[in-house]
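Enquirer: If you count by the working numbering, then the sequence shown holds residues 3 to 402, one letter each, in order. Take a look at the following structure, please.
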Amino acid sequence: MLLSDARDHWRRRTEELTRDLERFVRTESGSVDKANVDRAADLFAGELTRRNFAPRIINNPRGGNHVAATRAGSGRGAVVLLLHLDTVWPAGTYPPPLFRVSGDRAMGPGILDMKASWAVAFAALDFLDGAGWAGPERLTVVATGDEELGSIHGRTVVEEHARNADAALVMEPGRADASLVGHRGAVGALKVRITGRNSHASSDDPGASALIAAARMAAAIESASDRAADRILNVGELHAGTARQVVPDKAELNIDLRAATDSDASDLLRHVRQVLACPTVPGTSAELSGGITRPAYPGSLDQEPLQGIVRRCGAALGRDIRFASTRGGSDGNFTAALGIPTVDGLGADGGGICTADEYVDLPALPEKIALLCGTLDALAGTGIFASPAATATALQDTVA
Numbered sequence: 003m004l005l006s007d008a009r010d011h012w013r014r015r016t017e018e019l020t021r022d023l024e025r026f027v028r029t030e031s032g033s034v035d036k037a038n039v040d041r042a043a044d045l046f047a048g049e050l051t052r053r054n055f056a057p058r059i060i061n062n063p064r065g066g067n068h069v070a071a072t073r074a075g076s077g078r079g080a081v082v083l084l085l086h087l088d089t090v091w092p093a094g095t096y097p098p099p100l101f102r103v104s105g106d107r108a109m110g111p112g113i114l115d116m117k118a119s120w121a122v123a124f125a126a127l128d129f130l131d132g133a134g135w136a137g138p139e140r141l142t143v144v145a146t147g148d149e150e151l152g153s154i155h156g157r158t159v160v161e162e163h164a165r166n167a168d169a170a171l172v173m174e175p176g177r178a179d180a181s182l183v184g185h186r187g188a189v190g191a192l193k194v195r196i197t198g199r200n201s202h203a204s205s206d207d208p209g210a211s212a213l214i215a216a217a218r219m220a221a222a223i224e225s226a227s228d229r230a231a232d233r234i235l236n237v238g239e240l241h242a243g244t245a246r247q248v249v250p251d252k253a254e255l256n257i258d259l260r261a262a263t264d265s266d267a268s269d270l271l272r273h274v275r276q277v278l279a280c281p282t283v284p285g286t287s288a289e290l291s292g293g294i295t296r297p298a299y300p301g302s303l304d305q306e307p308l309q310g311i312v313r314r315c316g317a318a319l320g321r322d323i324r325f326a327s328t329r330g331g332s333d334g335n336f337t338a339a340l341g342i343p344t345v346d347g348l349g350a351d352g353g354g355i356c357t358a359d360e361y362v363d364l365p366a367l368p369e370k371i372a373l374l375c376g377t378l379d380a381l382a383g384t385g386i387f388a389s390p391a392a393t394a395t396a397l398q399d400t401v402a
């Protein structure tokens, strides 16, 4: 069987893919809406059950639930497939209609990140199972319910189920130029609470403005950013004040941290602490919480064998696979930090991520499904798409 057979199979079934995609998108699952994410977890678990998994729903008391499932096969190795359930769109915030198709594009809340990736993963499993695929010795699927919030609770779920895996395949969307992701930097989420002293604006007592202290801190914090070097501190939110005539005694900063390496992330975090230690408004003080939420892929991790398998699968489909580096984080940061070879960006292709114009390229879905089919088959060493000798060589390269 040729890998192109998988692509051609789904090219003939684009209507079926689109129906599934619409069903997934209409199951809204904004990260802050626990009830909706939990409903998405139930839907996702049901899809896994149909594919002979025995999924477990893992309660998240601080956000959306997670889903994890493992299926045994007669092939070799252990593979973990990573997805997430939540989107950045709270229910009712996406401009109607909730789902639409315009030409070759399907649009809707979270369609690229990552409801279409659900469709890619399930379609790949359907084709493989229909072809009599034996699967790896252990195939684990994990879908976190708080990925868009940094996987604060989901990280332990990923690490628990991915530990000792031979490879991790991450279903985040590909890049705008259709490249996959071979490296992600570190990500941090920081919160600063500033305390001052209230007074009336007309009083002889000037008070101690937490707002002014916060504004000056924000400027000082961002001064360490160097985008060309992928060192970013972005103060995305400043909350302060109760009335125009009152000197505010409390303020809060929410800060996003991005760095190419863990060392750079530590340097940026040290800079923030130094700024907070020296408030410029007398009578104010600052308290820092949060930290590095996603470690960078370690530079010592040898990704080449796994990337080589994906490239060979791409070549079989007539596609030149390239791997890019990105500042964005994913649950793949956790598997890479555990030393597990990780390939990211295997989900749908499209653009406009996290905007009202977010779209999926429908004609590209069959090829991404086929790419995942080939990668899974090569890792399992079951040889549906390759001669036994070629498959054995690919697997040996991967786990060596």
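Quick reminder that beta carbons are idealized off the backbone N, C-alpha and C, glycines included.
Taking C-beta to C-beta, are A382 and P63 nearer than 8 Å?
Expert: no
Enquirer: Got a sec? Which residues, its chain only, sit under 8 Å from G152 by beta carbon, not counting five neighbours each side?
Expert: V189, A191, T295, R296 and G331
Enquirer: Alpha carbon to alpha carbon, how far is S227 from T282? Give it in angstroms, no decimals.
Expert: 20 Å
Enquirer: With a threshold of 7 Å (Cβ to nearest heavy atom), would K193 be considered close to the ligand PLP?
Expert: Among the ligands in the structure shown, none appear at all, so the ligand PLP cannot be discussed.
Enquirer: Report yes if the CB atom of V159 is closer than 8 Å to the CB atom of H68, and no otherwise.
Expert: yes
Enquirer: What whole-angstrom Cβ distance do V274 and L290 have, given they're in contact under 8 Å?
Expert: Contact between V274 and L290 is confirmed by a C-beta separation of about 7 Å, below the 8 Å threshold.
Enquirer: Return no unless some Cβ of chain B is closer than 8 Å to the Cβ of V183.
Expert: The displayed structure is made up of one protein chain only, and chain B is not part of it.
Enquirer: May I ask you to verify whether the stretch 9-26 touches the stretch 361-378, counting CB pairs closer than 8 Å and requiring at least 3?
Expert: yes
Enquirer: Less than 8 Å between the CB atoms is what I'm expecting for C356 and V90, so what's the real figure, rounded?
Expert: 5 Å
Enquirer: Give the secondary structure of H68 by DSSP, where H, G and I count as helix, E and B as strand, and everything else as coil.
Expert: strand
Enquirer: How many Å lie between G112 and Y361 at the Cα?
Expert: Straight-line Cα distance between these residues: approximately 9 Å.
Enquirer: Going by C-alpha distance, which of I386, S268, L23 and S201 is nearest V103?
Expert: L23
Enquirer: What ranges does the beta strand (DSSP E) occupy inside the stretch 128-165, keeping only unbroken runs of at least 3 residues that lie completely in it?
Expert: 140-146
Enquirer: Output the boundary residues of the alpha helix (DSSP H) element that contains I214.
Expert: A212 to E224 is the span of the alpha helix (DSSP H), which, as asked, contains I214.
Enquirer: By the 10 Å Cβ neighbour count, where 16 or more other Cβ atoms means buried, how is T244 classified, buried or exposed?
Expert: When all chains shown are included, T244 counts as exposed.
Enquirer: Can you give me the Cβ contacts of R58 inside the same chain, cut-off strictly under 6 Å, excluding the 5 residues immediately before and after it?
Expert: A70
Enquirer: Would you list the residues sitting across from M109 in a DSSP beta bridge?
Expert: DSSP, once it has assigned bridges, lists R102 and Y361 as partnering M109.
Enquirer: If we count the other Cβ atoms within 10 Å of its Cβ and call it buried at 16 or more, is N61 buried or exposed?
Expert: Burial call: exposed.
Enquirer: Within a Cβ cutoff of 8 Å, which residues of the same chain sit near T328, ignoring the five residues on either side of it in sequence?
Expert: So the qualifying residues of the chain are R177, V183, H185, R186 and G187.
Enquirer: On the three-state DSSP scale, how would you describe S201?
Expert: strand
Enquirer: Count the other C-beta atoms from every protein chain shown that fall within 10 angstroms of the C-beta of G66, then say buried if there are 16 or more, exposed otherwise.
Expert: buried
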